[in-house]
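Chemist: Input: one structure, supplied below.
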Amino acid sequence: MTPPRGWCRARAVRALFEARPAVRPPPGIAQMREQVIAWPSVQIPVQSLPGARLFIYSPVHADTRTVVFWIHGGGFLAHSANSVADYAVMLASRGYVVTSLDYTLAPGVRYPIPLRQANAALGYVASRAADYGGDPTCIVVGGDSAGAQMASQLAAVHTNPHLAQQMSLDPALHKDQLHATVLYCGFYDMHTLYTSGFPALSTCMRAYTGYRNWLRAPFIDELSTAQHLTLDYPPTFITVGDADPFERQGEQFADALLSHGVPVDGLFWTGSGLGLRHEYQFDFRLPQAEEAFRRTVAFLERQERAKSVRNVKADPP
7 MTPPRGWCRA RAVRALFEAR PAVRPPPGIA QMREQVIAWP SVQIPVQSLP
57 GARLFIYSPV HADTRTVVFW IHGGGFLAHS ANSVADYAVM LASRGYVVTS
107 LDYTLAPGVR YPIPLRQANA ALGYVASRAA DYGGDPTCIV VGGDSAGAQM
157 ASQLAAVHTN PHLAQQMSLD PALHKDQLHA TVLYCGFYDM HTLYTSGFPA
207 LSTCMRAYTG YRNWLRAPFI DELSTAQHLT LDYPPTFITV GDADPFERQG
257 EQFADALLSH GVPVDGLFWT GSGLGLRHEY QFDFRLPQAE EAFRRTVAFL
307 ERQERAKSVR NVKADPP
């Protein structure tokens, strides 16, 4: 069987990305694991397409809580749900049900298959969240790097009917179920992405889109979440390091969200001189990673409180 076009370069980039751990957890991770149930992974069928797997983590003792649906990074062609398992455990130890998507990597499949897998997995989460102690009316979509791009686009599909129609994708959730987004070191505007200087960007984007000149792919605008924002886009936590090639992408996306009236909690380190590199938030040797985690949890807690207030107003005594 002939390998997909660009496979040799993609394989080299995959090896480079996977040469170091995606997450360097804090010293207390062993104790956190004891507070969390790691459920057997679930196969997610996708009509006429390759299926995906979903890894699920829930706190041992908790009331019904927010579900965090996470999409891992890796340039669309590297890493897996297992790569971010420790981070999923960390969030679950704080009381959240965390689902981590293992989508099919490029160039084995091309866009939009991974996004369709993500949408199908969201459908499973919506229908089965209660089985794991999760609240199906309170789902947060998040991701890191390429996973942040996918998560941001998935949120746009659920809040912009025109984009959903353009992609011929039936959103798995009602927009009211999509409670927030959490976006780490992602990219959100394809037409400025090429100026970022991110290593191996062209290889990653060619692998994902199937186009050597990926900016000329007929669907490339679909990936530019910044072009598809509406007032219904969910409240967003966004962070990126000051030495990350995607720093401007994150800052400009936060500005675009605010211009559409979307609540934003941004954690940026611009001008700090700290030299925080791509995916800094997963390196818990850094105090700034601890700060990003603390801010993420505080953001999730605020969204839960806001939902409780809305529910009280909707159901007066």
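Here my numbering is used: the first residue of the sequence shown is 7, the next is one more, and so on.
Even glycine gets a Cβ: it sits at the ideal position worked out from N, Cα and C.
Model, not experiment: these values are computed from the prediction.
1. Are the CB atoms of isoleucine 244 and alanine 260 within a distance shorter than 8 Å?
2. Return helix, strand or coil for tryptophan 45, following the three-state DSSP convention.
3. Which residues does DSSP list as the beta-bridge partners of alanine 58?
4. Can you grab the Cα-Cα spacing for the pair proline 32 / aspartate 271, in whole Å?
5. Could you pull out every unbroken beta strand (DSSP E) segment of at least 3 residues lying fully inside the segment 249-319, listed in chain order?
6. Please state whether the Cβ-Cβ distance between alanine 16 and leucine 83 is less than 8 Å.
7. Does the segment 164-173 come close enough to the segment 200-215 that 3 or more CB-CB pairs lie under 8 Å?
8. Taking buried to mean at least 16 other C-beta atoms within 10 Å of its own C-beta, is cysteine 14 buried or exposed?
9. Please work out which residues of its chain come closer than 7 Å, Cβ to Cβ, to lysine 313, disregarding the five sequence neighbours upstream and downstream, and give them in chain order.
10. Could you check the C-alpha separation between valine 73 and alanine 127 for me, to the nearest Å?
11. Going by C-alpha to C-alpha distance, which of Arg122, Gln155, Gln37, Arg39 sits closest to serine 54?
12. By Cβ distance, which residues of its chain are closer than 6 Å to aspartate 176, with the 5 residues on each side in sequence left out?
13. For valine 1, which residues does DSSP report across the bridge?
14. For the beta strand (DSSP E) that contains serine 106, what are its first and last residues?
15. Spell out the partners DSSP gives glycine 140 in its beta bridges.
16. Considering alanine 186, what are the terminal residues of the beta strand (DSSP E) in which it resides?
17. When we look at the beta-carbon of threonine 276 and count the other beta-carbons within 10 Å, is it buried (16 or more) or exposed?
18. Can you tell me whether proline 251 is buried or exposed? The criterion is at least 16 other CB atoms within 10 Å of its CB, across all chains shown.
19. Glycine 34: buried (16+ other C-beta within 10 angstroms of its C-beta) or exposed?
20. Express the C-alpha separation of proline 120 and glutamine 255 in angstroms, rounding to a whole number.
21. Would DSSP call glycine 149 helix, strand or coil?
22. Is the number of C-beta pairs between the segment 61-69 and the segment 148-156 that are closer than 8 Å three or more?
23. Look at the alpha carbon of threonine 105 and the alpha carbon of glycine 129, and state the distance between them as a whole number of angstroms.
Modeler: Per the coordinate set shown:
1. In the sequence shown, counting from the first residue as 1, residue 260 sits at position 254. In the sequence shown, counting from the first residue as 1, residue 244 sits at position 238. Contact: yes.
2. Within the sequence shown, numbered from 1, the residue matching residue 45 stands at position 39. The answer is coil: DSSP assigns tryptophan 45 none of H, G, I, E or B.
3. Along the sequence shown, one-based indexing puts residue 58 at 52. Alanine 58 is bridged to Ile50.
4. For the purposes of this step, residue 32 is taken as the residue at position 26 of the sequence shown. For the purposes of this step, residue 271 is taken as the residue at position 265 of the sequence shown. Roughly 24 Å separates the two Cα atoms.
5. 270-274
6. Translated into the one-based positions of the sequence shown, residue 16 becomes position 10. Translated into the one-based positions of the sequence shown, residue 83 becomes position 77. Closer than 8 Å, so yes.
7. no
8. Against the sequence shown, residue 14 aligns to sequence position 8. Classification of cysteine 14: exposed, given that the 10 Å Cβ count is below 16.
9. Here residue 313 refers to the residue found at position 307 when the sequence shown is read from its first residue. Excluding residues within five positions, the ones whose Cβ falls inside 7 Å are Cys144, His185.
10. Position 67 of the sequence shown, counted from the start, is the residue given in the question as residue 73. Position 121 of the sequence shown, counted from the start, is the residue given in the question as residue 127. C-alpha separation (whole angstroms): 13 Å.
11. Stepping through the sequence shown from its first residue, residue 54 is reached at position 48. Comparing Cα positions, the closest option is Arg122.
12. Walking along the sequence shown from the start, residue 176 turns up at place 170. No residues qualify anywhere along the chain.
13. There is no way to answer for residue 1, as the model of the chain reaches only from 7 to 323.
14. Taking the first residue of the sequence shown as 1, we reach residue 106 at position 100. Per DSSP, serine 106 belongs to the beta strand (DSSP E) from 103-108.
15. Walking along the sequence shown from the start, residue 140 turns up at place 134. DSSP lists Arg71 as partners of glycine 140.
16. In the sequence shown, residue 186 corresponds to position 180, counting from 1. Here the beta strand (DSSP E) through alanine 186 covers 184-190.
17. On the sequence shown, position 270 is the one that residue 276 refers to. Threonine 276 should be labelled exposed.
18. Stepping through the sequence shown from its first residue, residue 251 is reached at position 245. By the 10 Å Cβ count, proline 251 comes out buried.
19. As a first step, residue 34 must be located in the sequence shown, where it is residue number 28. By the neighbour-count rule (16 or more Cβ atoms within 10 Å), glycine 34 is not buried but exposed.
20. Position 249 of the sequence shown holds residue 255. Position 114 of the sequence shown holds residue 120. Going from the Cα of glutamine 255 to the Cα of proline 120 covers about 22 Å.
21. In the sequence shown, counting from the first residue as 1, residue 149 sits at position 143. In this structure, glycine 149 counts as strand in the three-state DSSP scheme.
22. no
23. For the purposes of this step, residue 105 is taken as the residue at position 99 of the sequence shown. For the purposes of this step, residue 129 is taken as the residue at position 123 of the sequence shown. If I take the Cα positions, the gap works out to 12 Å.
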